[in-house]
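With our numbering, letter number 104 in the sequence shown gets 124, and the count goes up by one each step, no holes.
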Amino acid sequence: MCSYGSCIYRAKRRRRSWLFRDPVLRRIEEATRSRTRAQRAAKLREIEEEERRALQREEEQRAAKQEAEAANSSKTRFLAAVSHDLLQPLNAARLFASALGEHRVPEDARHLVEHLGRSLKDVETLLGTLVDISRLDAGVLKADVAPFEAADLLDMLAHEYQQIAASQGLALHYVRSGAVIDSDLQLLARVVRNFLTNAIRYTARGHVLLGCRRRAGGLEICVGDTGPGIPEDQRKAIFLEFRRAENRRVDQDRGLGLGLAIVDRITSMLDHPVGLASRPGRGSLFSVLV
């Protein structure tokens with residue numbers, strides 16, 4: 021009797037001696053070993069080639085990212101320079117149009133002057149907005165976060181937009197808050213301004229609401245309206261460039277379709293989540309959590 025290990029060892033020795041006595045079996049064994057070595061070598065080359073391709077892809081992606089960042093930076097500088105050069109003659113043209121409107125001109129000509137002034141204002145706004153978007157995309161615009169009272173921001177906006185809403189036959193209800201928040205005052209003001217502008221633009225009758233609600237994650241600044249509401253299939257698209265909701269007031273300008281695109285970029289930079297709740301025919305509620 022032998023142990024299991026010694027039996028295995030003896031069996032291997034007998035098999036090895038048997039193979040060496042038979043030349044055919046020996047060649048088969050050598051061919052099998054050679055094929056195994058070749059397969060291992062081929063597998064190793066395949067792994068090395070895959071690693072090389074992965075490194076090459078990473079390098080190409082890094083180079084493409086650097087190229088895109090350089091292009092964005094160049095685009096920002098170009099738009100800033102061009103807008104500065106274009107805004108000066110546009111401002112002059114608006115002054116001329118305004119001065120012309122103050123003179124006695126035929127009624128038909130007066131309408132043309134008014135349309136001219138609005139068109140020049142739209143072009144000026146478009147240029148400024150495009151520069152802001154390019155600065156946000158390129159990371160040139162930096163946030164200046166500091167604590168301040170919500171009322172410091174909302175009191176001013178409520179006073180300003182109550183007059184605008186009244187001129188459109190709407191009421192703006194404002195609920196004051198004494199909460200203190202941490203954010204960039206100027207950038208957050210721009211977000212809420214866009215909410216208020218859209219609320220007035222799309223509300224034909226009723227009211228607009230500006231206020232705050234305390235949430236577990238912070239303070240939620242809300243702008244609600246009694247407008248037509250936003251269909252479910254449009255709620256993501258309206259945050260893209262040059263996209264607008266369809267059911268605006270007939271007596272309001274169409275806007276540029278860039279306001280909510282800027283809101284999306286600013287709130288992403290500030291890490292302030294945006295909320296949207298809407299019921300078609302009942303109204304909408306935009307909010308930002310700070």
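Every residue gets a Cβ at the ideal spot worked out from N, C-alpha and C, and that includes glycine.
Okay, do the segment 194-205 and the segment 166-175 touch, 3+ Cβ pairs below 8 Å being the bar? Yes: at least three Cβ pairs fall under 8 Å.
From what residue to what residue does the beta strand (DSSP E) around isoleucine 184 run? Where isoleucine 184 is concerned, there is no enclosing beta strand (DSSP E), although the alpha helix (DSSP H) it sits in stretches over 170-187.
Between the beta-carbon of arginine 210 and the beta-carbon of valine 294, is there less than 9 Å? Their beta carbons are not under 9 Å apart, which means arginine 210 does not touch valine 294 by this criterion.
Starting from the C-beta of proline 251, find all residues in its chain whose C-beta is less than 7 Å away, skip the five residues before and the five after it, and write them out in chain order. Result list for proline 251: Pro300, in chain order.
Is isoleucine 201 helix, strand or coil by DSSP? Strand, per DSSP.
Completely contained beta strand (DSSP E) runs for the segment 200-256, where each covers 3 or more residues: The qualifying runs are 200-203, 227-235 and 238-245.
Using CA coordinates, which residue listed in Asp152, Gln188 and Leu309 is at the minimum distance from glycine 237? It is Leu309.
Ordered list of beta strand (DSSP E) runs contained in the segment 114-173, each at least 3 residues: You should have 166-169.
How is arginine 196 classed by DSSP in three states: helix, strand or coil? Taken through DSSP and simplified to helix, strand or coil, arginine 196 comes out as coil.
Any idea what DSSP makes of valine 283, helix, strand or coil? Note: valine 283 maps to helix in three-state DSSP.
Whole-angstrom distance between arginine 225 and isoleucine 233, CA atom to CA atom: Just to set this straight, residue 233 is arginine in the shown sequence, not isoleucine. If I take the Cα positions, the gap works out to 25 Å.
Kindly indicate the opening and closing residues of the beta strand (DSSP E) around phenylalanine 306. 303-309 is the extent of the beta strand (DSSP E) around phenylalanine 306.
Threonine 246 versus lysine 162: straight-line alpha-carbon distance, rounded: Taking the straight line joining both Cα atoms gives about 35 Å.
Our contact map puts isoleucine 220 next to isoleucine 184 with C-beta atoms below 8 Å; I'd like the distance itself, whole angstroms only. For isoleucine 220 against isoleucine 184, the beta-carbon gap comes to about 6 Å, under 8 Å, which counts as contact.
Is the beta carbon of leucine 205 closer than 9 Å to that of aspartate 172? Note that the C-beta distance between aspartate 172 and leucine 205 is below 9 Å.
To which residues of the same chain is alanine 297 closer than 6 Å at the C-beta, ignoring the five residues directly before and after it? These residues qualify, in order along the chain: Leu305.
State the DSSP-derived secondary structure class of leucine 190, mapped to helix, strand or coil. Coil.
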